[in-house]
Every structure is written in C-alpha cells, then in structure tokens.
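Report on the structure given below.
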Amino acid sequence: MACKVLAGPASREIAEGLSRILGLELVDVELRVFPDGESKVRLLGDLGDVSIVVQSTYPPVDSHLFQALLIAHKAKSLGSRVVMVMPYLGYARQDKEFLKGEAVSIATVARLLKCVGVERLLTVDIHSVHGLGYMPFQAYSVSAIPLLAERFKGMELSDPLVVSPDLGGRNRAEAFAKLIKSESVYLRKFRDRETGEIRMERPEVDLKGRDAILVDDIVSTGGSLIKAAELLKEAGADRVYSACTHALLVGDALERIKEALDGLVATNTVPSPVSEVDVSPVLAGHLKTLV
Ligand code: R5P
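One gets my numbering by counting positions in the sequence shown from 1 and adding 159 to each.
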C-alpha cells in the first residue's frame with residue numbers, strides 16, 4: 160500500500176518530519192491566497208493509495224481549516240484514502256452548547272471533514288477528548304506532554320510544583336508531574352460565558368522556596384497563564400514557568416507572558432518563537448500502525 164505525506168501550507172515542518180521518520184514521500188501543496196481572501200491549493204505530485212494530509216488550524220483558523228478541506232477533497236477525488244493530521248485542532252474548545260442557541264463548532268468541523276472524505280483524524284492534545292466523540296470516523300489525540308516534560312527534566316528547578324490553570328487540564332498536569340517526579344495541583348478558574356472574562360482562586364499551597372510549572376493545552380491571549388502566574392507568585396513561588404502544547408499567542412500575548420512568567424515552552428503544532436518541541440515523533444509513532 161503506497162502512502163504519501165501531503166504538506167499542508169500551515170504545517171510543512173511537521174509534514175517533513177513525518178515523511179522523514181516514516182520514510183514516506185512528501186507531496187508539496189502549493190497555496191495561492193487571492194486578494195479577496197479565497198484560498199486555492201494545488202497538489203504538486205502524484206498520490207498513493209493513502210494520503211496523510213498535514214495541516215494545523217491555527218489563526219487564520221477558518222482559512223487553514225478550509226485549505227485542509229480543499230486538500231482532502233482533492234486527494235479523495237483522485238482516489239486516495241485520506242488520513243487527516245491536524246496537529247492543532249481549532250474549534251475543539253466549543254464542544255458543547257454552553258449557552259442556549261450556541262453552535263457546537265467541533266461537531267460542524269467533524270461533519271465537514273467527513274463530507275470531503277476524511278477517514279481518520281489524528282491531533283495533538285485536543286482540548287477535551289469529548290470533542291473526539293463528534294468525529295464520525297476513527298479519531299485520536301496523541302499527547303505532547305512527555306516531550307514537553309523532557310524539556311524540563313534537565314532544568315535546575317527548586318522543588319517544582321506542577322499546576323493546571325483549571326480543572327479541565329488536571330490530567331495533563333498530573334501526567335507531566337509524574338514524568339518529572341513531582342506533584343501537581345489545579346486552580347479553580349471560572350469563565351463568564353457571556354463576556355469571556357476569567358476569575359481564578361488563589362491555591363491553598365505555600366510555594367515559598369519553590370518553583371511552579373503551569374501546564375496547559377492552549378495559550379491564546381495569555382490571560383489564563385498570566386493570572387495563574389500572579390496567584391502563584393502571591394503564594395510565594397520563586398519562579399513560574401509554563402509548558403503549553405499549542406502557542407496561539409494572539410496579539411501581544413508573548414510580550415505580556417514574558418513580563419509575567421520566567422519561561423514558556425511550546426510545541427510546533429503552532430509556529431511561534433517559543434515552539435521549540437517537535438511533535439513529529441509522537442505523531443509518527445501513532446501513524447506507524449497505519450502505514
Ligand atoms: C481553556 O480552557 C484552555 O485550556 C486554555 O486555558 C485557554 O484556551 C487559554 O486561553 P487564554 O490564553 O486566552 O487565557
């Protein structure tokens with residue numbers, strides 16, 4: 160069975176990594192964005208029986224998502240079976256009707272992927288595994304936590320406490336803590352669903368003489384990390400670091416984070432100045448079973 164990796168324009172680095180690790184041919188995808196914002200893609204090579212389409216859906220989210228749909232649809236129409244790798248899966252946070260009348264965005268994404276012929280989906284650290292349940296095909300989320308934890312193992316940290324900024328991320332923080340042989344806690348975070356504003360409670364721990372590592376799936380505006388770092392410093396933490404999988408870093412988030420935290424490490428699911436950890440090996444590990 161011939162399988163090739165299609166390098167979506169948003170994720171060329173990861174596509175190259177997958178092609179190298181799995182020993183599969185890389186097919187380039189040419190992108191043209193017209194002045195009105197429409198995208199046109201062109202596959203620059205012949206396809207195999209299976210196409211692994213690699214395209215993250217970080218901002219501009221809708222354009223990147225639509226480009227993924229165009230590539231998948233074209234591959235399918237050429238007779239290839241489509242495995243979609245979306246290292247960062249946008250819209251996964253809206254996996255419920257939080258307020259009456261709200262669209263469940265991830266359910267719509269799932270329907271679109273199915274429509275264009277996607278047969279499997281692979282992502283990294285989906286916001287909540289609940290989102291995978293909407294996919295009408297096999298869908299899996301691999302964890303980047305071991306790769307991120309590896310980065311912190313070599314650092315000289317003072318009795319580090321691993322902290323999740325909210326209850327939803329507790330399992331991720333626990334897994335990270337185990338790997339660096341430390342303990343973890345989570346903060347109580349409340350979001351006003353109308354305004355989007357967040358409120359966090361100060362943790363009941365004494366962090367004097369200790370460092371803290373905030374572990375989260377996404378850093379977008381930086382609001383959650385900055386608020387959490389303030390509370391951890393108030394609780395006595397010497398230094399506050401963060402490990403996040405998807406560094407969206409919208410607007411001036413990175414500058415504000417640099418002022419409030421002592422360091423941030425992220426993966427290359429979203430390119431940014433702090434996206435140092437390559438997720439290709441963990442994605443390839445999962446894809447090996449398919450190719
Ligand atoms: C929310 O529950 C997520 O896990 C992240 O904590 C959130 O998306 C981060 O967003 P921001 O950086 O805008 O606070």
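Here a beta-carbon is modelled for each residue, glycine too, at the ideal position from N, C-alpha and C.
When secondary structure is reduced to three states using DSSP, His286 falls in the coil class, being assigned neither helix nor strand. For Gly381, the shortest C-beta to heavy atom distance toward the ligand R5P is below 6 angstroms.
Looking at Ala262, Ala231 and Ile385, the one whose alpha-carbon comes closest to that of Leu206 is Ala231. According to DSSP, Leu281 shares a beta bridge with Val244 and Tyr299. Within the segment 284–365, complete beta strand (DSSP E) segments of at least 3 residues are found at 297–301, 320–323, 342–345, 348–350 and 357–359, given in chain order. In this structure, Tyr250 sits away from Val429, with a CB-CB distance that is not shorter than 7 angstroms. Exclusion of the five residues before and after Glu184 leaves Lys163, Val164, Ser178, Gly204 and Gly207 as the residues of its chain whose Cβ lies within less than 8 angstroms of its Cβ.
Taking the Cα positions, Glu342 is about 35 angstroms away from Leu258. Of all alpha-carbon atoms in Leu316, Glu360, Val288 and Ser300, the one lying nearest the alpha-carbon of Ser323 is that of Glu360.
When C-beta atoms of the segment 276–289 are compared with those of the segment 413–424, fewer than three pairs fall below 8 angstroms, so the two segments do not count as touching. Ile377 has its Cβ nearer than 6 angstroms to a heavy atom of the ligand R5P. If you check the CB distance, Val374 and Ala406 do not come in under 7 angstroms.
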